[in-house]
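Taking it in order: structure first as structure tokens, then the write-up.
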Amino acid sequence: MLSMVLVPSVVLAEASPSTISAQASTPQVTARLLSSHLQVVAGQTVTLGIALTIAPEWHTYWRNPGDSGTVTTIDWRFSHPAKAGDILWPVPERHRMGPIVNYGYAKQVTLPVPIVVGDLVHVGEIWRAEAVVDWLVCKEECIPQQVKLALELPVVNASASYMAQPSPLITALQQQPKPAPWPVTLQAQQAGLQLQVLAPNISPQASIWFFPEAWGRIAQSVDQTVTRTPQGFSVALKSGDLPLKAGEALTGVLVIEDKAQRVGYAIAPTLQGSVPPTAPSQPTPQARSAALHWSVAVLFAFIGGLILNLMPCVLPVLSMKALALLSHPSLDRQARLHEGMAYTVGVVLSFVLLALLLVFLKASGQHIGWGFQFQSPIFVLLMAYLLFVVGLNLSGVFVFGSSVAGVGQALTTRSGLWGSFFTGVLATVVATPCTAPFMAAALGVALTQPLPILIAIFVSLGLGLAAPYLLIAAWPGAQRYLPTPGAWMDVLKQGLAFPMYGAAAWLVWVLAQQLDALVVAKALGGLLLLGFAAWVYGISRWASLAHRWVANSLVAISVCAALVIAGSVQGFSVTASPRPLSDLRSDRAPVTANSPPAWQAYRAQTLADLRAAGKPVFLNATAAWCISCLVNEKVALNQPAVKQAMVDRGITYLKADWTQQNPEITALLTQFGRSGVPLYVFYPAGSASQPVVLPQMLTTESVLSVFLTK
Amino acid sequence: MYSSSRLGALWVGLSLWAGTQTVHAEAVIDQPAPLFTGTTADGGKLNLNSLKGKTVVLEWTNHECPFVQKHYESGNIPQLQKDAAAKQVTWVQIISSAAGKQGHVTGAEAIKLNASRGAKPAYVVLDADGSIGQSYGAQTTPHLYVIDAKGTLVYKGGIDDIATAKKEDLAKANNYVRETLSALAEGKKVPHPSTKPYGCSIKYPT
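As they're listed, the protein sequences go chains A and B.
Numbers given in the numbering used here equal positions in the first sequence, counted from 1, plus 3.
Numbers given in the numbering used here equal positions in the second sequence, counted from 1, plus 5.
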């Protein structure tokens, strides 16, 4: 419709026919009715448009307004029969306010509409168009407004029609979404969709967002995770309240924005059933600097596994196992070696299982990472139960087996191997929350690697964890350094119960963080029942058969009741609003001498805004179940010198709490090639500054040196 | 150690069981509605769980929002509330505007406002920290949720199907809340369990 040549005509804006009531204003918006042509011709298509100039901080809405708001509508009336088309929506912008995301326009926007002028117009007549325009304009608050605009154009012969001077209409037509020049496919993922765009030439710095045309297809306020692939990129979208079915198309605008320009591409890929990906994609983490070569990652995984032995949640288990070994000085070298091997197999097999589980969950599209088990309250409670029962066993409240001697002597080679095997399994399970340094990066790489390398990394991790024990078992020389068995062993065994109780207490605290006070009562009730069960079991072993039958029933009832309580936590977690989240949303801790520094909850948009404003930002990704995170906060981040440095240098402190699953934070970790917390990043001042990743073990000095030198 | 093999087996069993459980922290149709305990305008507490056995309507509101005004000034929502009360349906008005933001009211103000509008919800819940609103994913005022007697969420979305702030559109609109409540009363399937909410954004704390 703009195929006509722009005539550098003497007809100026003042002579524009859009004079009478072609403009109307409200306190927030000025609206003008514009025409592409200065005259109309019978049967011609002209473009009319509504240009809105919007007051700062206010905005109007796109065809899909997003989570709230309303679309702008235009109701046309013509003096002669004419046909108005749909609004040609320019590429929208995204406005986020708290958890609400809207799609619309700020400052100014022009909405062009193609109009077919009917044949029943005659040269010399005046053609009049009237538009009733309804919009909702919002800042925080929203005001629905309506204006009536009119425009009169003379009817002329085709040869006498001119186009208007360059106007906002031209710009609006240029800002229309373009047809996508590359193949776009859409696949289902668990709980969402994945857009795959085979556009290899997109700048890695470009920001990408998909604007859906219809409500309900995707969850609009959820951040979209963009992953670069060698062939282009993919965008992970969470399904909304009206999910797409196979065969339906996801229409919308894909907006790609880099420094130079912001371009929207109209796309409408159809959801494929269960079609395999068109090209084998190997996503690479966005932050390449944080990525490692896989062979280095395997080595790091081994070292990480070694370090895991020293973690407070592993050492007790290892000690327990060493104790078992001590109690059998009579075992020959070969038997010991077998035990060591069984333990190693237990550890490695658990890691492989964990790897496969991770692969499975990752493939199902869940954004999860290391330590994810501890985000499920029921898992946490069951772990607390388990550690508590192990503690009771160490304390001697009860023993498994028919006699006390059974612990020492009834241990056949077979049950010993099984014992070693499951100690390995147990060591792996309790090690998961302690993401040691090195390991996080290795895992970050692992999750981006093909299956064989991923498995290799996990096997290496397991070998690292098993190595010290295997060494003791295999190397007779090391035996000499082992103390002689004696009565002290019972004392040691009983002493080892306390780390177990401590770990159980810690897990109950984690539960309180995840849910609320009621769950603490439930957990303690469950532990009480288990304690009772263990005691009854323990004292009834030498009782008569009838008494033992009564005791066993009591044990069974108590254990079942404890499990029922654990089950009820599941239902309960559905209902409770996670405390850390609500704390994060509403809190800005005051700056006082002994308190943590003032921080804000991490949101991708908050970070983007701060970065855009060139403000320095310190980011702390943490979780209540991550001990090293808490230690780092205590020894470094909460220290007065660090707090003062943050205040002095105007550094905004953002905290990303991963205690519960949060896709926004998972995406952040992925961006730095990590799959677990802690993660510390300093973004120096300036919107183009390079983020600095801090080590996972912080000291006041290391934090200050980063703040002061960057 | 002999006991560890038993414990290991126990762990494997428990973790397999735990792995099959999933957590729903959101308002999902046909799932249990998120429970909450809120402070009411009269200073009391309302625990959603205590309403089990009754059909419950949750209505997010902000008296200064033009979309809300459309439905109150026209008498549309007050009428729905009266009809609900007559059918033993509990209507809960929830105000999630943060302090200092549009629509934020004290309990006394909320009660006065309802009296002046002829509105008779069974409860008014003040949610200035937005925690109830966010647990439901409430986005707009109005935004409506219907929970059946078993505590299952059966409807979420807009009050009707014409997303404007104009009173004259009410006559043409299909009121989803009315439709849902009738379907529940007749034991039928809810025709439109999830619809597009429309209105002003909820003024959550930022």
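Every residue gets a Cβ at the ideal spot worked out from N, C-alpha and C, and that includes glycine.
Everything numeric in this text was worked out from a predicted model, so none of it was measured.
About 5 Å separates the beta carbons of V120/A and A85/A, which is inside the 8 Å limit, making them a contact pair. By the neighbour-count criterion, in which 16 or more other beta carbons inside 10 Å mark a residue as buried, S210/A falls on the exposed side. Within the stretch 168 to 180 of chain B, those residues whose Cβ lies closer than 8 Å to any Cβ of chain A are, in chain order, A168, T169, A170, K171. Per DSSP, reduced to three states, the secondary structure at R220/A is coil, with no helix or strand assignment. Around C141/A, the beta-carbon contacts reaching into chain B at under 8 Å are C205, S206. Shortest Cα-Cα distance from M344/A to any of T29/A, W538/A, Q26/A, L468/A involves L468/A. Three or more Cβ pairs drawn from the stretch 237 to 245 of chain A and the stretch 211 to 226 of chain A lie within less than 8 Å of each other, which places the two stretches in contact.
For D70/A, the nearest beta carbon of chain B is closer than 8 Å to its own beta carbon.
Between the stretch 165 to 175 of chain B and the stretch 135 to 146 of chain B there are fewer than three C-beta pairs closer than 8 Å, too few to call the two in contact.
Counted as a single uninterrupted DSSP element, the beta strand (DSSP E) harbouring E133/A occupies residues 129 to 141.
With fewer than 16 neighbouring CB atoms inside 10 Å of its own CB, W545/A falls in the exposed class. Residues of the stretch 531 to 559 of chain A that bring their beta carbon within less than 7 Å of a beta carbon in chain B are absent altogether. Judged by their CB atoms, F461/A and F354/A are nearer to each other than the 8 Å cut-off. Contact between A134/A and I53/A is confirmed by a C-beta separation of about 6 Å, below the 8 Å threshold. Contact of K201/B with chain A by beta-carbon distance below 7 Å involves W218, G219.
V130/B sits in a strand when the DSSP states are folded into three classes. For E114/B, not one C-beta of chain A is nearer than 8 Å to its own C-beta. Under the three-state reduction of DSSP output, Y77/B falls in the helix class.
A buried status is given to G465/A, since no fewer than 16 other beta-carbon atoms sit within 10 Å of its beta-carbon. Our two residues, S543/A and A559/A, have alpha carbons roughly 13 Å apart in a direct line. Residue contact with chain B for T73/A: present (Cβ-Cβ distance below 8 Å to some residue of chain B). Closest in alpha carbon position to K637/A, among Y683/A, T29/A, L701/A, S690/A, is L701/A. Between the stretch 96 to 111 of chain B and the stretch 185 to 204 of chain B, the count of Cβ pairs shorter than 8 Å is below three; the stretches do not touch. In the three-state reduction of the DSSP assignment, W212/A falls in the strand class, which pools E and B. According to DSSP, G72/A shares a beta bridge with G204/B. Within its own chain, the residues whose Cβ lies closer than 6 Å to the Cβ of Q98/B, once the five positions on either side in sequence are excluded, are E64, T66, P126, V129, listed in chain order.
When CB distances to chain A are screened at a threshold of 7 Å, the residues of the stretch 48 to 77 of chain B falling below it are E69, C70, P71, in chain order. L37/A is bridged by DSSP to G52/A.
Separation of the CB atoms of T63/A and V140/A is rounded to 5 Å, and the pair is thereby assigned contact status at 8 Å. Look at L245/A: its C-beta is under 8 Å from a C-beta on chain B.
Beyond the five residues adjoining it in sequence on each side, V112/A comes within less than 8 Å, by CB distance, of A54, L55, I57, T63, P93, A175 in the same chain, given in chain order. In this structure, I34/B lies away from P196/B, with their beta-carbon atoms at least 8 Å apart. In this structure, the CA atom of A132/A is about 10 Å from the CA atom of I118/A.
In terms of beta-carbon proximity, C563/A stays away from the interface with chain B, with every pair separated by 8 Å or more. In this model, V351/A and W512/A are separated by some 30 Å (Cα to Cα). Take G58/B, set aside five residues on each side of it, and the residues of its chain with a beta-carbon closer than 6 Å to its own are A154, in chain order.
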